Amino acid sequence: MADLVRQRPGFLMLYKFAIEELMTKLRILSEEFDLAHRHDPIEHITSRVKRPEAIEVKARRRGLAPDLAAIAEGLDDVAGVRVVCPFVSDVYSVAEMLTRQDDVELLRRKDYIATPKDNGYRSLHLIVRIPVFLSDRVERVKVEVQLRTIAMDFWATLEHKLFYKYESQVPTDFATELANAAGLAAHLDSRMEDLHQRLRGPVDEWGDPANPAVLGQGG
Ligand SMILES: Nc1nc2c(ncn2[C@@H]2O[C@H](COP(=O)(O)OP(=O)(O)OP(=O)(O)O)[C@@H](O)[C@H]2O)c(=O)[nH]1
Ligand SMILES: Nc1ncnc2c1ncn2[C@@H]1O[C@H](COP(=O)(O)OP(=O)(O)OP(=O)(O)O)[C@@H](O)[C@H]1O
């Protein structure tokens, strides 16, 4: 299957283009929101096209037929974008601003912030489909968008390194430690969110903080 993917470079190129389209949308939201509200809701963005070998492993695990149409249909994360936000409220704002765009079709939404996974994993996942305009046609391509805070990303990145791919082998006491650590990260997020809201204060009729002095912007 990995060879099949490699032999058709146009297949993965489509996902690369979809990522570029989505990254442009996110960069525009980031810059414009910052200008309008004096707060950038995006800390950083990363992306990846899944490697042919990883596509093969996952396609086999899912029992997919060995053809590109089955992979495109059956795998949602061949193209992946990860948006890391300063605050939890930013995660939901960015998701909302992205999914209300006319050409972004929301296929699935999993809120692992409202309902964390048993191991403690928290993030908001969206599967979206966006149009990619080619020389002779338009292709609608799926992209997995993971939105999370810096604290959630810190935990998930280290957990991925330690355990994610070896879930069944995690000893119980390790799993408990890990879930506790995720709880600490969530607590930190909630304290930082509280500070953020207090610093912003009530917003005026333009959507700007009514308390610029507190942000160091008062005359
Ligand atoms: N570090 C970490 N990442 C996770 C965890 N769960 C999900 N993810 C990430 O989120 C992606 C999608 O996970 P889900 O939304 O649960 O999707 P799924 O199709 O049910 O699960 P997968 O077969 O893992 O893709 C995964 O491929 C990982 O990149 C986790 O427990 N730890
Ligand atoms: N949506 C995404 N955006 C950016 N990076 C991602 C995304 N999903 C996974 N990654 C990163 O890509 C790297 C390779 O991950 P891989 O393609 O093997 O998938 P995975 O999501 O970790 O696992 P699985 O294959 O079980 O879904 C990892 O570092 C992972 O954190």
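Residue numbering for the sequence shown follows UniProt numbering, beginning at 1 and increasing consecutively. Even for Gly, the Cβ is constructed at its ideal location relative to N, Cα and C. This one's a predicted model, so the numbers in the text were calculated from it and none came from an experiment.
Buried or exposed (CB count within 10 angstroms, at least 16 for buried), residue i
i	result
residue 6	exposed
residue 63	exposed
residue 113	buried
residue 109	exposed
residue 219	Low per-residue confidence applies at residue 219: pLDDT is 32, beneath 50, and the placement is therefore not dependable, though the value from the model is reported in the following sentence. Per the 10 Å Cβ criterion, exposed.
residue 146	buried
residue 190	exposed
residue 87	buried
residue 65	exposed
residue 182	buried
residue 26	buried
residue 122	buried
residue 35	exposed
residue 153	buried
residue 31	exposed
residue 184	exposed
residue 12	buried
residue 56	buried
Cβ separation of residue i and residue j, assumed to be a contact under 8 Å, to the nearest whole Å
i	j	result
residue 85	residue 41	6 Å
residue 149	residue 91	6 Å
residue 151	residue 107	About 28 Å separates the two Cβ atoms, so there is no contact after all.
residue 60	residue 80	With 8 Å as the limit, residue 60 and residue 80 do not qualify as a contact, their Cβ atoms being about 19 Å apart.
Beta-carbon proximity of residue i to residue j, cut-off 7 Å
i	j	result
residue 103	residue 124	no
residue 78	residue 50	yes
residue 120	residue 156	no
residue 83	residue 45	yes
residue 230	residue 158	Lying outside 1 to 219, the shown extent of the chain, residue 230 is not represented and no answer is given.
residue 2	residue 53	yes
Alpha helix (DSSP H) segment containing residue i, residue limits
i	result
residue 35	9-37
residue 199	172-200
residue 154	150-162
residue 98	88-99
residue 65	No alpha helix (DSSP H) holds residue 65; DSSP gives it neither H nor E.
Where the beta strand (DSSP E) containing residue i begins and where it ends
i	result
residue 79	79-85
residue 111	105-111
residue 115	Unbroken run through residue 115: none, as it is neither H nor E.
residue 52	Element bounds for residue 52: not the beta strand (DSSP E) but the alpha helix (DSSP H), 52-61.
residue 124	124-133
residue 45	44-49
Closer than 7 Å to chain C by CB, residue i
i	result
residue 15	Protein chains in the displayed structure number just one, and chain C is not present.
Indicate whether the contact test is met: 3 or more Cβ pairs, each with one atom in the stretch 140-155 and one in the stretch 12-30, closer than 8 Å. yes
Count the CB pairs spanning the stretch 125-133 and the stretch 57-72 that are closer than 8 Å, and state whether there are at least three. no
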